[in-house]
Amino acid sequence: GAVVSQHPSRVICKSGTSVKIECRSLDFQATTMFWYRQFPKQSLMLMATSNEGSKATYEQGVEKDKFLINHASLTLSTLTVTSAHPEDSSFYICSASGRTNEKLFFGSGTQLSVL
Amino acid sequence: GQQLNQSPQSMFIQEGEDVSMNCTSSSIFNTWLWYKQDPGEGPVLLIALYKAGELTSNGRLTAQFGITRKDSFLNISASIPSDVGIYFCAGRMGFGNEKLTFGTGTRLTIIP
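Sequence lines, in order, name chains A and B.
When we follow my numbering, the leftmost residue of the first sequence carries the number 2, and every step to the right adds one.
When we follow my numbering, the leftmost residue of the second sequence carries the number 2, and every step to the right adds one.
And the structure:
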């Protein structure tokens with residue numbers, strides 16, 4: 002299957018700092034990327050959908066100014082958690098699909114811990 | 002956000018047993034996907050279903066897209082220790098790259 006690389010896998014930061022998470026599609030062009038958040042023992046909750054070259058569409062309740070998404074190329078999307086607080090601590094997962102590929106492939110996730 | 006109803010929530014079985022889990026929705030979905038997630042990892046795609054009634058196998062795994070398009074099930078035959086993990090169903094109402102709605106997950110534990 003297609004490969005989606007997510008980096009970093011784990012990050013610990015101080016409250017008030019910003020953290021950037023990268024998601025890359027390694028062997029296909031990802032026209033659409035999705036960002037999910039997952040709390041312990043819960044399912045994946047969609048945060049936003051981004052299409053290459055356009056602004057991301059955020060789900061209800063997700064602050065777009067806090068979770069900045071950039072999808073500037075067909076192989077890279079980034080999620081920046083701005084002014085992170087302890088309640089932002091979670092497992093963040095990206096996923097990507099191509100132009101004609103209806104399957105969705107996931108990155109390996111980023112565990113964010115805000116102290 | 003919306004979630005699909007997935008059952009059972011957890012299962013404790015012995016190695017070699019068969020496993021069955023299902024996912025139901027009040028809405029019609031045009032695509033069903035089944036994923037497995039290990040701790041600290043992203044979900045890995047197991048099976049994708051695109052047509053109502055479709056029955057698809059991947060090794061010891063078999064999944065079906067319900068005729069009503071409102072449900073799907075996943076069976077695992079002759080379970081082995083590496084089957085341990087959390088299984089999620091996911092559905093897509095539209096086509097193409099539209100977003101997925103995820104099930105609540107089934108945690109599979111194998112008793113030694």
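Just so you know, even glycine gets a beta-carbon here, dropped at the ideal spot from N, CA and C.
Run through DSSP, which three-state label would residue i get?
{"i": "S98 (chain A)", "result": "strand"}
{"i": "S90 (chain A)", "result": "coil"}
{"i": "S78 (chain A)", "result": "strand"}
{"i": "S51 (chain A)", "result": "strand"}
{"i": "S11 (chain B)", "result": "strand"}
{"i": "S26 (chain A)", "result": "strand"}
{"i": "S83 (chain B)", "result": "helix"}
{"i": "T18 (chain A)", "result": "coil"}
{"i": "M34 (chain A)", "result": "strand"}
{"i": "M46 (chain A)", "result": "strand"}
{"i": "G92 (chain B)", "result": "strand"}
{"i": "R70 (chain B)", "result": "coil"}
{"i": "S27 (chain B)", "result": "coil"}
{"i": "Q4 (chain B)", "result": "coil"}
{"i": "L113 (chain A)", "result": "strand"}
{"i": "T58 (chain A)", "result": "strand"}
{"i": "T105 (chain B)", "result": "coil"}
Taking 7 Å as the cut-off, is the C-beta of residue i nearer than that to any heavy atom in the ligand ATP?
{"i": "S27 (chain B)", "result": "Judged by which ligands are present, the structure shown has none, so any question about the ligand ATP falls away."}
Taking DSSP's pairing of strands, which residues face residue i in a bridge?
{"i": "A64 (chain B)", "result": "B:T57 and B:L75"}
{"i": "I48 (chain B)", "result": "B:W35"}
{"i": "F68 (chain A)", "result": "A:V82"}
{"i": "S10 (chain A)", "result": "BP columns for S10 (chain A) are empty, so no partner."}
{"i": "S21 (chain B)", "result": "B:N76"}
{"i": "F107 (chain A)", "result": "A:S96"}
Candidates the options: which alpha carbon is nearest residue i's?
{"i": "E99 (chain B)", "options": "A:S6, A:V20, A:T50 and A:K21", "result": "A:T50"}
{"i": "T63 (chain B)", "options": "B:F74, B:R70 and B:G54", "result": "B:F74"}
{"i": "E55 (chain B)", "options": "B:G67, B:V45, B:R61 and B:Q4", "result": "B:G67"}
{"i": "Q38 (chain B)", "options": "B:N6, B:Q4, B:R61 and B:Y88", "result": "B:Y88"}
{"i": "R108 (chain B)", "options": "B:G95, B:L101 and B:S83", "result": "B:S83"}
{"i": "K21 (chain A)", "options": "A:Q43, A:S96 and A:K67", "result": "A:K67"}
{"i": "F29 (chain A)", "options": "A:S10, A:S6, A:T79 and A:F40", "result": "A:S6"}
{"i": "P44 (chain B)", "options": "A:E88, A:L113 and A:I94", "result": "A:I94"}
{"i": "R38 (chain A)", "options": "A:E53, A:A31, A:Y59 and A:S26", "result": "A:Y59"}
{"i": "Q112 (chain A)", "options": "B:S58, B:T110 and B:P40", "result": "B:P40"}
{"i": "V4 (chain A)", "options": "A:K104, A:Q43 and A:S114", "result": "A:K104"}
{"i": "G99 (chain A)", "options": "A:R11, A:K15, A:S16 and A:M34", "result": "A:M34"}
Does the CB of residue i have a neighbour CB from chain E at under 8 Å?
{"i": "K100 (chain B)", "result": "Looking for chain E here will not work: the only protein chains present are A and B."}
Return the chain-ordered list of same chain residues with a C-beta closer than 6 Å to the C-beta of residue i, the five sequence neighbours on each side being excluded.
{"i": "A57 (chain A)", "result": "A49, S51 and I70"}
{"i": "L34 (chain B)", "result": "A49 and A91"}
{"i": "I112 (chain B)", "result": "F13 and Q15"}
{"i": "L101 (chain B)", "result": "A91 and R93"}
Please go through the same chain and pick out, in chain order, the residues whose beta-carbon is closer than 7 Å to the beta-carbon of residue i, but skip the five residues on each side of it.
{"i": "H8 (chain A)", "result": "E23"}
{"i": "S19 (chain A)", "result": "T81, V82, T83, S84 and A85"}
Please return the same chain residues whose Cβ sits closer than 8 Å to the Cβ of residue i, not counting the five positions on each side in sequence.
{"i": "R70 (chain B)", "result": "I29, F30, N31 and A53"}
{"i": "D19 (chain B)", "result": "N76, I77, S78, A79 and S80"}
{"i": "L115 (chain B)", "result": "Nothing about residue 115 (chain B) can be reported from this structure: the residues present for chain B run from 2 to 113 only."}
Query raised in the report: What residues from the stretch 40 to 66 of chain A come within 7 Å of chain B, judged by C-beta to C-beta, listed N to C?
Result: For the stretch 40 to 66 of chain A, residues whose beta-carbon sits nearer than 7 Å to a beta-carbon of chain B comprise S44, L45, M46, L47, T50 and E60.
Query raised in the report: For the stretch 34 to 66 of chain B, which residues have a beta carbon sitting closer than 9 Å to at least one beta carbon of chain A?
Result: L34, Y36, Q38, G41, E42, G43, P44, V45, L46, A49 and Y51
Query raised in the report: Along the stretch 81 to 94 of chain B, what residues have a CB closer than 8 Å to any CB found in chain A?
Result: Listed by position along the chain: F89, A91 and R93.
Query raised in the report: Mind listing which residues of the stretch 72 to 96 of chain A have their C-beta closer than 7 Å to chain B's C-betas, in chain order?
Result: I94
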